[in-house]
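Take a look at the structure below.
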Amino acid sequence: MLTLDSAELAYGAIKAVKGVSLEVRTGEVVTIIGANGAGKSTLLKGIVGLEPLSGGKLLINGVDCSRVPAHRRVGLGVALSPEGRGVFPDQTVYENLLLGAFSIRSDADRVARLVEREYKRFPRLKERAQQMAGTLSGGEQQMLAISRALMSEPKLLLLDEPSLGLAPLIIADIFKSIAALRDSGLTILLVEQMANQALAVADRAYVLETGLITLQGTGAQLLKDPAVRAAYLGTH
Ligand code: ATP
Numbered sequence: 001m002l003t004l005d006s007a008e009l010a011y012g013a014i015k016a017v018k019g020v021s022l023e024v025r026t027g028e029v030v031t032i033i034g035a036n037g038a039g040k041s042t043l044l045k046g047i048v049g050l051e052p053l054s055g056g057k058l059l060i061n062g063v064d065c066s067r068v069p070a071h072r073r074v075g076l077g078v079a080l081s082p083e084g085r086g087v088f089p090d091q092t093v094y095e096n097l098l099l100g101a102f103s104i105r106s107d108a109d110r111v112a113r114l115v116e117r118e119y120k121r122f123p124r125l126k127e128r129a130q131q132m133a134g135t136l137s138g139g140e141q142q143m144l145a146i147s148r149a150l151m152s153e154p155k156l157l158l159l160d161e162p163s164l165g166l167a168p169l170i171i172a173d174i175f176k177s178i179a180a181l182r183d184s185g186l187t188i189l190l191v192e193q194m195a196n197q198a199l200a201v202a203d204r205a206y207v208l209e210t211g212l213i214t215l216q217g218t219g220a221q222l223l224k225d226p227a228v229r230a231a232y233l234g235t236h
């Protein structure tokens with residue numbers, strides 16, 4: 001579904017992603033783990049078109065989309081749940097969901113059905129439909145960010161550090177939701193610093209270090225890898 005071929009991204013003279021090749025196949029959960037500043041968010045921004053590639057190629061379903069603008073990539077079925085939640089704080093939960101369905105806004109029935117689907121997925125969002133998103137708890141904001149991305153009915157969901165800043169019990173809930181999305185057949189590319197659950201839920205995974213892929217394998221293989229355990233799991 002998604003292929004990166006020697007993708008590069010730069011901020012001026014600083015190369016944040018230095019030639020990354022990776023693949024996400026239909027129905028897979030692929031995890032990228034990496035430390036602060038490894039280039040994970042930059043890579044996801046490159047995939048959705050928020051940052052231009054400075055080299056290499058990005059293919060969606062085999063078609064070179066390296067120069068396709070962000071709004072058209074939504075139409076191709078790619079949606080991002082951004083790091084730090086990125087919800088619109090001064091809009092209600094409901095309004096945030098509607099913004100996620102911007103590209104299909106003229107089809108009111110479909111939008112209403114999708115809102116109901118997200119309220120069923122995360123009943124907490126239904127309870128808080130009229131609350132300003134900025135006043136939600138961290139975990140609720142994360143649910144909203146995921147739901148907002150799902151409102152565009154993506155084929156590929158990109159999740160940028162969904163566990164960031166959340167308590168362990170809430171993280172467990174979020175990962176249960178990710179596993180349920182996987183079981184429903186959605187293709188997911190997940191970026192995380194907290195490797196344990198992110199590798200456990202992954203079919204395949206990559207390690208990104210200072211803009212380069214240094215290791216790849218199945219989620220289970222990387223979970224057992226001594227270097228991964230030392231660097232990303234806090235165990236030896
Ligand atoms: P974190 O887990 O801390 O979010 P990350 O792996 O997502 O890290 P990125 O946010 O992609 O890393 O950053 C990669 C590199 O690019 C860092 O050195 C960062 O300082 C730099 N960078 C990111 N955004 C910009 C920007 N808008 N302008 C200049 N440099 C940037």
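Numbering-wise (the UniProt record's numbering), the sequence shown opens with residue 1 and increments by one. Here a beta-carbon is modelled for each residue, glycine too, at the ideal position from N, C-alpha and C. Treat the numbers as computed from the prediction; the structure is a model and nothing was measured.
- With a beta-carbon spacing of about 5 Å, G56 and D5 fall inside the 8 Å limit used to define contacts.
- The shortest CA-to-CA distance from E116 to any of I104, T187, A129, L189 is the one to A129.
- Taking 8 Å as the cut-off, the beta carbon of T218 is found no closer than this to the beta carbon of E28.
- For the ligand ATP, no non-hydrogen atom lies closer than 7 Å to the CB of Y232.
- The beta carbons of L44 and L158 sit about 5 Å from each other, so the pair counts as a contact at 8 Å.
- Proximity to the ligand ATP was defined by a C-beta distance below 6 Å to any of its heavy atoms, and the residues meeting it, in sequence along the chain, are Y11, I14, A16, G34, N36, G37, A38, G39, K40, S41, T42, E83, Q193.
- With at least 16 other beta carbons inside 10 angstroms of its own, A205 counts as buried.
- With a threshold of 16 other beta carbon atoms within 10 Å, F175 meets it and is buried.
- Around T214, the same chain offers V207 as residues with beta carbons nearer than 6 Å, after the five sequence neighbours per side are excluded.
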